[in-house]
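J.: Chains as they are written, first to last, in the numbering used here: chain A, 0 to 289; chain B, 5 to 334.
Input: one structure, supplied below.
Okay, here's the thing in structure tokens:
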């Protein structure tokens, strides 16, 4: 992918380097195509005062894959997601997006570049309805200016109708039609998580970041959520990076896994490779006792 | 034929409504900024004054900072010599208010993101004094007449109609009627903008959750500049109405203090609340003065009634009639 395809916008000029692409595309067992590297973290170090939350971590995410980030609590997984989405700026290291180094930018600029995310503790607009929340996900895709919007009739109304149709499709896809008009504050936790996913999907992102999407769900709900995540990846080819604690989900869903512990990377590879890594077993997975 | 006392009361009630609308106009500016950024803008009244001063200055072709230039350079310039038509002057003043909104965001509040509400409030107090001083330096502190062509004086039609109907002619000022219509249009316009447009949606998102708004691609700075511009527009309208009524004078900024009880009543985060609160205060203080204050309490109750009413609300319903009750989930 060329640097021209990256929306530099307000972010300034972008450096180019001859990135050695990971061995181009390949096709998985179930017929999905995984492309070259779309995002790469290079030697990221993140400190909060004296605490080093992320210590010199590098890994990459390939186009169209489902990448899991796992590890014990406090390992720095959410911090890593915050670095990717621009909420934290690492003291050292570089983030490479679509083949070019990403300059320091604000979270809203990262969102405008095609990265959408959900939050561990749910950050929905509680005062708005489900539909309104999903429509906010379309904001990066809506281009009409203030003047046109104030006048309403014409381009603004047309754009609103177009985007409304897309939002409705996302709502149908995630099967939340029944609660479209409910104020989000009234929804149970599991549905809120689904609405947050809908809002992130509505942005038609290149990369979707999910921070513990299954937290607090029972088996049935987890199966639903897993199905949605797989469908999103399958139908839209969306690259997905997710933080998750349920090992069953991680092993079943992901193409590759990164394992973090106390800010360091201790494993990186396919689910099977990681499962058998002794350091990962010691730090996180544990062994079955008979 | 209606008994005179009843007719008087109704007239006072109607005038109270009108006065309430003017209070509500100022309160509206407060609500806009508070909703989107959590800042209680002490400078809202001064913004109305500054907007009115700028409007008059532009219309009459005054030289900005005229007194200052004369004092330093010994010159005698006061006016450019041109007169700008009211409509164009309003547009130009609006441009000034947008520049002001940009400067306030860029040079003051950008550095105070995430600070305690009390610190943000103190910044607006500083802003109020600063704007008042700049307004004085730029345009001078003598009382100015504001004439944008709004009809003034008693509404003859109502006077005759009510006289024929009830034997008593109601005195309703034309200016007040215009102010009510303008305020109604403004409120409806603002509510529709917030509800239906793309920028309005972004504004509501920022008012709700900063982090989530950032994650869906909304620039907080842009929205804050937009909100301060809207508040500036509302301040301009308020400044025009008040200025046309009683001339553009520096006591105009004290009206902001009257808007505080309105906010207590209506709730800090509700646009309809600002209107309803304003109407209640306006009617309340006029009726109270007429029915109880003048006959029994020696008069001049208009000055404190609003605050007393606000105090009652603070005790029994602190979030106001329409405000959000802050419930913390344990």
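Built from N, CA and C at the ideal position, the CB exists for glycine as well.
1) Use the C-beta contact count for residue 91 of chain B: other C-beta atoms within 10 angstroms, 16 or more gives buried, fewer gives exposed.
2) Is there a Cβ from chain B that is less than 7 Å from the Cβ of residue 106 of chain A?
3) Give a yes or no on whether the minimum CB-CB distance between residue 238 of chain A and chain B is below 7 Å.
4) List the DSSP bridge partners of residue 268 of chain A.
5) Compute the beta-carbon to beta-carbon distance between residue 183 of chain A and residue 118 of chain A, rounded to the nearest angstrom, for a pair I have assumed lies under 8 Å.
6) Using a Cβ cut-off of 7 Å, which residues of the region 218-248 of chain B contact any Cβ in chain A, in chain order?
7) Within the chosen definition, does the region 255-266 of chain A reach the region 67-75 of chain A through at least 3 CB pairs nearer than 8 Å?
8) For chain A, find out if any of its Cβ atoms is closer than 7 Å to the Cβ of residue 314 of chain B; answer yes or no.
9) Select from the region 41-52 of chain A all residues with a C-beta closer than 7 Å to any C-beta belonging to chain B, and list them in chain order.
10) Pair every Cβ in the region 23-35 of chain B with every Cβ in the region 231-239 of chain B, then say whether three or more of these pairs are closer than 8 Å.
11) Check this for me: beta carbons of residue 197 of chain A and residue 173 of chain A, under 7 Å apart or not?
12) Please name the residue in B:295, B:310, B:274, B:157 whose C-alpha comes closest to that of residue 399 of chain B.
13) With a threshold of 7 Å between beta carbons, is residue 111 of chain A in contact with chain B?
14) Just mark residue 133 of chain B as buried or exposed, buried being the case when its beta carbon has 16 or more other beta carbons within 10 Å.
15) The alpha helix (DSSP H) with residue 122 of chain A in it runs from where to where?
16) Please determine, among B:155, B:176, B:154, B:153, the residue with the shortest C-alpha to C-alpha distance to residue 162 of chain B.
17) Straight-line CA distance for residue 208 of chain B to residue 201 of chain B?
18) Quick one: residues in its chain with C-beta nearer than 7 Å to the C-beta of residue 74 of chain B, no 5 flanking neighbours on either side, listed in chain order?
19) Counting only the same chain and skipping the five closest in sequence on each side, list residues whose C-beta sits under 6 Å from that of residue 202 of chain A.
20) Comparing the C-beta of residue 202 of chain B with each C-beta of chain A, is any distance below 7 Å?
21) Do you know how far the Cα of residue 217 of chain B is from the Cα of residue 167 of chain A?
22) Just verifying my parser: in three-state terms, what is the DSSP assignment at residue 174 of chain B?
23) What's the C-alpha gap between residue 146 of chain B and residue 250 of chain B?
24) Pick out whichever of A:205, A:223, A:162, A:208 has its Cα sitting closest to the Cα of residue 190 of chain A.
25) Measuring only between beta-carbons, confirm whether residue 180 of chain B sits less than 7 Å from chain A.
26) Among A:285, A:284, A:84, A:41, which has the Cα closest to the Cα of residue 207 of chain A?
27) Kindly list the residues whose CB is nearer than 6 Å to the CB of residue 95 of chain A, restricted to its own chain and excluding five residues on each side of it in sequence; keep chain order.
28) Would you list the residues sitting across from residue 182 of chain A in a DSSP beta bridge?
29) In three-state terms, what does DSSP make of residue 95 of chain A?
30) In chain order, what residues of the same chain have a beta carbon less than 7 Å from the beta carbon of residue 248 of chain A, not counting five sequence neighbours either side?
31) I'd like the span of the alpha helix (DSSP H) that includes residue 234 of chain A, first residue to last.
32) Do residue 287 of chain B and residue 17 of chain B have their CB atoms nearer than 7 Å?
33) Using the rule of at least 16 other Cβ atoms within 10 Å of the residue's Cβ for burial, across every protein chain shown, is residue 178 of chain A buried or exposed?
T.: A quick look at the data gives this:
1) exposed
2) yes
3) no
4) A:256
5) That belief does not hold up - the Cβ atoms of residue 183 of chain A and residue 118 of chain A are roughly 13 Å apart, past 8 Å.
6) 218, 219, 220, 221, 222, 223
7) yes
8) no
9) none
10) yes
11) yes
12) Because chain B is modelled from 5 through 334, residue 399 of chain B falls outside the range shown and cannot be assessed.
13) yes
14) exposed
15) First-last for residue 122 of chain A: undefined, no H or E at that position.
16) B:176
17) 11 Å
18) 80, 81
19) 115, 136, 139
20) yes
21) 20 Å
22) coil
23) 13 Å
24) A:223
25) no
26) A:84
27) 39
28) A:128
29) strand
30) 213, 221, 225
31) 218-235
32) yes
33) buried
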